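> Going down the list, the protein sequences come from chains A and B.
Throughout the first sequence, residue numbering follows the working numbering, covering 306 to 525 in sequence.
Throughout the second sequence, residue numbering follows the working numbering, covering 35 to 274 in sequence.
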Amino acid sequence: MEGRFDWVGVIDFLPQLGTGLYYTLLISVVGLIIGFILGGIFGFGRIAKNKVIYGLSSLYVEIIRGTPVLVQAIWIFFALPLITNYNMDSVMAGIIVIALNSGAYIAEIVRGSVQSIAKGQMEAGRSLGLSHGQAMRYIVWPQAFKRMIPPLGNQFIISIKDTSLLSVILVPELMFQGRLVASNYFNAVEIYTMVAVFYLAITLSLSFILRIVERRLDIK
Amino acid sequence: MIIVKDLHKKFGNNEVLKGIDCHIEPQEVVCVIGPSGSGKSTFLRCLNMLETITSGDVVVDGKNLSDSETNINMVRTEIGMVFQQFNLFPHKNVIENIMLAPQKVRKISEKESRERGMKLLEKVGLSDKAEQFPSQLSGGQQQRVAIARALAMEPKMMLFDEPTSALDPELVGEVLEVMKQLALEGMTMVVVTHEMGFAKEVGDRVLFMDEGVIVEQGDPDQVFTNPQSDRTKEFLNKIL
Ligand SMILES: Nc1ncnc2c1ncn2[C@@H]1O[C@H](COP(=O)(O)OP(=O)(O)OP(=O)(O)O)[C@@H](O)[C@H]1O
Ligand SMILES: [Mg+2]
């Protein structure tokens, strides 16, 4: 077994993996920020009384939830340009995929959390003369937001791991870079282990941060 | 102060209120009794438009609630409501619960609304609980905070929907005491309650509701000791 695996030699490939890490983080952070905004908008769309807003929001959520991320990525990168005649660069496509995908799941988290706040809270606010918007903002939303944190953290971790699928649309993220190196230098065990460790480092750091936030906000 | 004319309320095909007529005078304390499902809560909730009215009129302090000109948020500031389940805001402490509406709706300064809130807490005997959260209080204390919260808007009338039904028996008294005090100060009150003692001692009038109509009303002593309707008799026999 001596000498079969070259763990020290992996250091030579750290710059390539570093590039991958950079794109993984870039796409995750930007994609999730946009996804959070989309989720907020469409989450409230799913509670809206207006049938058109409700219908459009539901359509979006159902389409995204009903199709695999991989299919979404390939469709946006390879099929969409044929329709629009606009060639997107792969990083941009990757961000769009993560944003659209996480947005739909976050919309459901927002909807569920807002609806989980007892009706009596809204009624108590309205009976004091607050408008619907004020009661939402000062009473329902702060409570719903607290409840959103744990499932939101869960979704962040899922989306970060989903970025690895973007290697099929040629995004130079961690998985893509790992495959590149491994196929050129035949050091699959070392490289893919490193890749896995990098993902684990990201998700564990996020879990750690989330736990601190939850403790700060006193979420049971 | 409140005029209700031929009020009907349907949930889908289920007609819950089948034509209610009544007047509530300023400073009057009216107790509403009746079996479960008779529409007491629905009636009360129509008085501040927590339920939309199917047909008929509710006129509060001269303003017809179904009139599109009426600003319902402004009308609601004149009508305090106390719920069976208290419905305090769990993410805010006691004084913040009380200060929220005066600040956001009446646009009163933080300082003034805090002072007003502290006075009200004193009135309901909870000055020492201002910084506590609702979850740290007993049911009776929570309900007294809820009353103070409603009073902070300086309403002209108060609606109570079974304010003591969710309380342990030993905590009922402290809430009724606060309500009695309010009545003595001349507050107009509509109280859905099964506390016959309270109705007799504090109530000016009792309404007995059954199946969406007011079956009988009158002076509490009279209604309790000498009910005219068989349905009222039957109901009183069951609960006394
Ligand atoms: N939001 C609603 N949607 C549909 N039906 C409702 C709704 N609220 C109340 N009802 C129905 O209206 C009827 C009257 O209910 P209401 O709560 O007014 O009765 P109540 O006299 O207050 O009874 P209780 O003493 O149990 O509180 C019941 O049959 C109830 O099922
Ligand atoms: Mg009721």
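For every residue, glycine included, the Cβ atom is placed at its ideal position computed from N, Cα and C.
Owing to the predicted nature of the structure, the values given are computational and were not obtained by experimental measurement.
Ends of the alpha helix (DSSP H) at A/Gly-344?
First-last of the alpha helix (DSSP H) with A/Gly-344: 319-350.
> Residues in the same chain with beta-carbon distance under 7 angstroms from B/Thr-259, minus the five sequence neighbours each way, listed in chain order, please.
None.
> Taking 8 angstroms as the threshold (beta carbon to beta carbon), is B/Arg-150 in contact with chain A?
No, no contact with chain A.
> Who are the neighbours of B/Asn-82 on chain A, taking C-beta pairs under 8 angstroms?
What B/Asn-82 touches in chain A: Ser-432.
> Taking 8 angstroms as the CB-CB cut-off, is A/Val-425 touching chain B?
For clarity, residue 425 of chain A is Gly in the given sequence; the question names Val instead. Closer than 8 angstroms to some Cβ of chain B, the Cβ of A/Gly-425 qualifies, so yes.
> Does at least one heavy atom of ligand 1 sit under 7 angstroms from the Cβ of B/Gly-68?
For ligand 1, at least one heavy atom lies less than 7 angstroms from the Cβ of B/Gly-68.
> Taking A/Gly-323 as the reference, which of A/Gln-482, A/Ala-487, A/Tyr-497 has the closest Cα?
The shortest Cα separation from A/Gly-323 among A/Gln-482, A/Ala-487, A/Tyr-497 belongs to A/Gln-482.
> Hey, B/Leu-201 and B/Gly-174: beta-carbon distance below 8 angstroms or not?
The answer is yes: Cβ separation under 8 angstroms.
> Are there 16 or more other CB atoms within 10 angstroms of the CB of B/Leu-134, so buried, or fewer, so exposed?
Buried is the call here.
> Consider the C-beta atom of B/Thr-88 and the heavy atoms of ligand 1; say whether any pair is separated by less than 7 angstroms.
Every heavy atom of ligand 1 is 7 angstroms or more from the Cβ of B/Thr-88, so no.
> If the criterion is Cβ atoms closer than 8 angstroms, does the pair B/Leu-51 and B/Gly-73 meet it?
Contact: yes.
> Kindly indicate if chain A contains any beta-carbon less than 8 angstroms away from that of B/Gln-166.
No, B/Gln-166 lies away from the interface with chain A (no Cβ there is under 8 angstroms from its Cβ).
> Who are the near neighbours of B/Phe-123 in its chain, counting only those whose CB is closer than 6 angstroms to its CB and skipping five residues on each side?
Same-chain partners within the cutoff: Asn-131.
> Tell me whether A/Ile-338 is buried or exposed, calling it buried when 16 or more other Cβ atoms sit within 10 Å of its Cβ.
The residue in question, A/Ile-338, is exposed, as its Cβ has fewer than 16 Cβ neighbours within 10 Å.
> Check whether the segment 58-67 of chain B and the segment 237-246 of chain B are in contact - that is, three or more C-beta pairs closer than 8 angstroms.
As far as the Cβ criterion goes, the segment 58-67 of chain B touches the segment 237-246 of chain B, which means the pair count is three or higher.
> Given A/Val-374, which residues of its chain have a CB within under 8 angstroms of its CB, disregarding the five upstream and five downstream residues?
If we look at A/Val-374 and ignore the five residues flanking it on each side, its Cβ neighbours are Val-402, Asn-406, Asp-467, Leu-470.
> Determine the closest residue to B/Ile-67 out of B/Met-152, B/Gly-220, B/Val-249, with distance taken between C-alpha atoms.
Among B/Met-152, B/Gly-220, B/Val-249, the Cα nearest to that of B/Ile-67 is on B/Val-249.
> If the cut is a Cβ gap below 9 angstroms, which residues of chain D does B/Pro-124 touch?
As a matter of chain content, chain D is missing from the structure shown, whose protein chains are A and B.
> Can you tell me where the alpha helix (DSSP H) with B/Glu-204 in it begins and where it stops?
Its alpha helix (DSSP H) spans residues 203-218.
> Are the C-beta of B/Met-187 and some C-beta of chain A separated by less than 8 angstroms?
Yes, contact with chain A.
> Mark B/Thr-198 as exposed unless 16 or more other C-beta atoms lie within 10 angstroms of its C-beta, in which case mark it buried.
Classification for B/Thr-198: buried.
> Which runs of the beta strand (DSSP E) spanning at least 3 residues fall entirely within the segment 45-81 of chain B, listed in chain order?
List check, beta strand (DSSP E) in window: 48-58, 63-67.
> Does at least one heavy atom of ligand 2 sit under 7 angstroms from the Cβ of B/Ser-263?
Incorrect: B/Ser-263 has no Cβ contact closer than 7 angstroms to ligand 2.
> Count the other CB atoms within 10 Å of the CB of B/Glu-264; is the residue buried (16 or more) or exposed (fewer)?
According to the sequence as given, residue 264 of chain B is Asp; it is not Glu. Exposed.
> Using a beta-carbon distance below 8 angstroms, is B/Phe-117 in contact with chain A?
Yes, B/Phe-117 lies at the interface with chain A (some Cβ there is under 8 angstroms from its Cβ).
> Counting C-beta neighbours from all protein chains within 10 Å, is the total for A/Arg-370 16 or more, i.e. buried, or is it exposed?
Exposed: under 16 other Cβ atoms inside 10 Å.
> From A/Arg-442 to A/Arg-484, what does the alpha carbon distance come to, in whole angstroms?
When rounded, the distance between both Cα atoms is 48 angstroms.
> Taking a contact to mean a Cβ-Cβ separation below 8 angstroms, would you say B/Glu-85 touches B/Lys-44 in this structure?
No.
> For B/Ile-106, write down the residues that DSSP places opposite it in a beta bridge.
Looking at the DSSP assignment, B/Ile-106 forms no beta bridge with any residue, so it has no partner.
> So which residues of chain B does A/Leu-435 contact, with C-beta pairs closer than 9 angstroms?
Here the neighbours are Asn-107, Arg-110, Leu-134, Ala-135, Lys-138, Val-139.
> From B/Ile-113 to B/Thr-76, what does the alpha carbon distance come to, in whole angstroms?
Looking at the two C-alpha atoms, the distance is approximately 16 angstroms.
> Express the C-alpha separation of A/Thr-372 and A/Ser-464 in angstroms, rounding to a whole number.
One C-alpha to the other measures close to 15 angstroms.
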